[in-house]
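Notes follow the structure.
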Amino acid sequence: MCIAGGRLIADTERDQLTPDHRFKTRAEMAVLFADLPEALASTVEIAERCSFRPLTRKPILPRFTVGASANSADAVTEEAAELRRQAEEG
């Protein structure tokens, strides 16, 4: 929420969640919707119909060259070191 609002965690004027902002358990939902049991059954049916599992694959990242040895066998090692250096620098 801080990122979306462009605020800092330390900012006391930012939007904040309450303890009720969480997923309730099946038992808690059954109590909340005791007067509408078909609502719980419909929710489960909709969730089952929407179930989707994407195929997993390795990340596709662009290659970049590092120094004069970009074509050598050490290029991959140097690429990882360069990426780490840039990440640590921010």
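Take 1 as the starting number for the sequence shown in the working numbering and just add one per residue. By construction, the Cβ of each residue, glycine as well, lies at the ideal position given by its N, Cα and C atoms.
Measuring only the C-alpha atoms, how far is Arg14 from Lys24? Locating residue 14 in the sequence shown gives position 14, counting from the first residue. Locating residue 24 in the sequence shown gives position 24, counting from the first residue. Distance between the alpha carbons of Arg14 and Lys24: 25 Å.
Per DSSP, what kind of secondary structure is Arg84 in: helix, strand or coil? The sequence position of residue 84 within the sequence shown is 84, counting from 1. Correct three-state label for Arg84: helix.
9 Å Cβ cutoff met for Met29 and Leu17: Numbered from 1 along the sequence shown, position 29 holds the residue referred to as residue 29. Numbered from 1 along the sequence shown, position 17 holds the residue referred to as residue 17. In this structure, Leu17 does not lie closer than 9 Å to Met29 by Cβ.
In terms of residue numbering, what span does the alpha helix (DSSP H) encompassing Leu8 cover? Within the sequence shown, residue 8 is the residue found at index 8, counting from 1. Neither: Leu8 is in no alpha helix (DSSP H) and is coded neither H nor E.
Using CA coordinates, which residue listed in Arg53, Thr43 and Val76 is at the minimum distance from Leu61? Along the sequence shown, read from residue 1 onward, the residue named residue 61 stands at position 61. Answer by Cα proximity: Val76.
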